[in-house]
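Trainee: In full-length UniProt numbering, the protein residues as written are 1 to 681.
Note that CB positions come from ideal geometry on N, CA and C, so glycine has one too.
Every value quoted in this text rests on a predicted model; they were computed, and no experiment measured them.
(1) What separation, rounded to the nearest whole angstrom, lies between the Cα atoms of residue 609 and residue 621?
(2) Can you give me the Cβ contacts of residue 489 inside the same chain, cut-off strictly under 6 Å, excluding the 5 residues immediately before and after it?
(3) The beta strand (DSSP E) with residue 118 in it runs from where to where?
(4) Can you name the start and end residues of the beta strand (DSSP E) that residue 73 belongs to?
(5) Here's the rule: buried if 16 or more other CB atoms are within 10 angstroms of the residue's CB, otherwise exposed. What is residue 338?
(6) Tell me whether residue 18 sits in a helix, a strand or coil according to DSSP, three-state version.
(7) With residue 369 as the anchor, note down where its alpha helix (DSSP H) starts and where it stops.
(8) DSSP state of residue 3, grouped into three classes?
(9) Cα separation between residue 233 and residue 543?
(10) Note down the Cα distance separating residue 17 from residue 78, rounded to an integer number of angstroms.
(11) With DSSP as the reference, label residue 124 as helix, strand or coil.
(12) What does a CB cutoff of less than 7 Å around residue 387 pick up in its chain, not counting 5 residues either side in sequence?
(13) Apart from the five residues on each side of it in sequence, which residues of its chain come closer than 6 Å, Cβ to Cβ, to residue 421?
(14) For residue 465, collect the residues of the same chain with a Cβ closer than 7 Å to its Cβ; drop the 5 residues on either side in sequence, then sort them by chain order.
(15) Which residue's Cα is closest to the Cα of residue 409: 391, 379, 370?
(16) My assumption, with CB atoms under 8 Å, is that residue 477 sits in contact with residue 449. Please give the rounded CB distance.
(17) Spell out the partners DSSP gives residue 10 in its beta bridges.
(18) Using a Cβ distance threshold of 8 Å, determine whether the segment 531 to 539 contacts the segment 356 to 376, with at least three qualifying pairs required.
(19) What's the C-alpha gap between residue 108 and residue 121?
(20) Between the alpha carbons of residue 134 and residue 58, how many angstroms are there, rounded?
(21) Helix, strand or coil for residue 582? Go by DSSP, reduced to three states.
(22) Report the rounded CA-to-CA distance for residue 88 versus residue 72, giving the unit in angstroms.
(23) How about residue 84 and residue 130: do their beta carbons lie closer than 9 Å?
(24) Looking at the unbroken alpha helix (DSSP H) that takes in residue 470, where does it start and where does it end?
(25) How about residue 629 and residue 523: do their beta carbons lie closer than 9 Å?
(26) What residue range is occupied by the uninterrupted alpha helix (DSSP H) comprising residue 405?
(27) Just checking: is the beta-carbon of residue 333 within a distance shorter than 9 Å of some beta-carbon in chain D?
(28) So does the segment 492 to 507 actually touch the segment 579 to 590, counting three or more Cβ pairs closer than 8 Å?
(29) Find out if the Cβ-Cβ distance for the pair residue 566, residue 460 is shorter than 9 Å.
(30) Apart from the five residues on each side of it in sequence, which residues of its chain come closer than 6 Å, Cβ to Cβ, to residue 479?
(31) Quick check on the DSSP output: the beta strand (DSSP E) that includes residue 109 runs from which residue to which?
(32) Does the beta-carbon distance from residue 336 to residue 558 come in below 9 Å?
(33) Compute the Euclidean distance between the alpha carbons of residue 350 and residue 357, then round it to the nearest angstrom.
(34) In this structure, does DSSP put residue 499 in helix, strand or coil?
(35) Could you give the first and the last residue of the continuous beta strand (DSSP E) run that contains residue 459?
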């Protein structure tokens, strides 16, 4: 049997005694006299006899089926020769029907055995019926595991009776009350054990039947937390109240015990790879073989996205253990305050006096937020009416921009061919003159330009596009300026390198990945928008069951309606933990140390035989170079020579990886490769 997304029930297979409920709802004599009964279904067929009832769960026994509805009611149908339907001792029921004694209860789980049924309710009570448990009453009888120790032992199996027994008396006997010997079946005794044999949980663990479903086995083992009635289930605290106990505010200086260690650049940048430590097989126990295991954060692992060892790793573990989904203040109050404070501090560093923002699951999604915002700004009706009837739109980004921009254009219906690549200069920066030419060209082709995406820290070369010139063109042509600073955004902390982001204060949206240069644990990506309230207006769906506007607290703390997925992991908590530990000055040291190390490495390669730098000058902490084998040195740089050079990096990576000495990356960059070849020739 199958449950669809819209909570309808489907079945296929044999339908003997209407076990699958495929017969139409009708009196028995009509079913058989008119030949309406369904013997089998060879393809999944909807159980129409349930009508519009929504199904939460289903359990198929040997001769019957039990259904749990979304409202917590139990419906049974099929054979009833052993009382497994919970409807007295009728032979079978051709039509689905509610288990009436449980109508007043809210069921949470069901299980159908060969000739018995078990139901669990919200009161932590199990109801069982059918001759496998020898329950002669037509009404389901409850068994509470917490009272198992009080149940006397009785291994005498009781015969099946057609008469009715007082359900209250049966329940009293089951719960160990006074009176005659309880009619406890042998199978029940196997479940709960002897009343004199120690703790009930240990007996259950040792004697659960192999036919018991896994969820029920775990449910019976698990101890329940009893909360005194005098203890409140929820303690409500406002943001101001929480501020008395927790400080979400971020320090300028690091905590006394966690400073940024300062080592001489030469010591940090030793080109000699230290001997790796012995391999610990516990590091990656699920790897297929030792030669394919990777020692993350080992000295020789200098591939992409290696997180630093810092307190954020502990905070990430704490975050996963708390399982707080960031959506509304009442769900995650402190995390809501943390995200709000971090976004406020980032806006201040950018140079915005106001704005809004959200942490997104990665820079790719953050770029999508920016493109969606620019589309909504230009065509507000696109949110409600879609793109039908609208002219084609154009988005502009440098030819070295991140691939997620093209993906985002696909996701939001703009189309990848409407992402217009703008040429870059010798350092990989967008050329403003070419940008304006492409804007006018797109207008002439009948397209509507909506935004320019400036890259600050391109993926390969680390180039920073000239924001002042690009911003002026955006104002001239009424375009949204989105700054992708996923790689280079960390320079907002550095007085020495902050000039690389000059002009960012004119941007309409800005994204940054602390998991890159700062080494925060993946994923940690911030999206910020300059206009207050615009992010909510653009993305909200106003789900009434979550985002009521008449709550008892400031609903501006509810961030779920601003995002694509509502509930989110509290990624801001990772950055908050690092910021608390290191302070703003610690982040400044991290950024400036990365630049200084890159400068040192650049200077070492500049005059070293066998190495050729890609750029004659550098902007960021990226150093790109070619290694020239001895056989190719001193030769004329012809087309054939460059083709041979292009094969070197993949071969070096292959040999080093298979040997296990180092894990590195190499980056193809066609736009620069061709121009550099021509310049050198």
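Mentor: In short, the structure shows the following:
(1) 22 Å
(2) 512
(3) 117 to 121
(4) Counting along the chain, residue 73 falls outside any beta strand (DSSP E), and DSSP gives it neither H nor E.
(5) buried
(6) helix
(7) 363 to 378
(8) strand
(9) Summary for residue 233: the model assigns pLDDT 49, below 50, so the residue's position carries little reliability, and this model does not support an answer.
(10) 5 Å
(11) coil
(12) 413
(13) 399
(14) 398, 429, 430, 454, 455, 456
(15) 370
(16) 6 Å
(17) 2, 46
(18) yes
(19) 5 Å
(20) Because the pLDDT at residue 134 is just 42, under 50, the model does not fix this residue reliably, and the point stays unresolved.
(21) helix
(22) 21 Å
(23) yes
(24) 467 to 477
(25) no
(26) 404 to 411
(27) No chain D appears in this structure, which consists of one protein chain only.
(28) yes
(29) no
(30) 449, 451, 452
(31) 107 to 112
(32) yes
(33) 13 Å
(34) helix
(35) Taken as a continuous stretch (DSSP letters only), residue 459 belongs to no beta strand (DSSP E), as it is neither H nor E.
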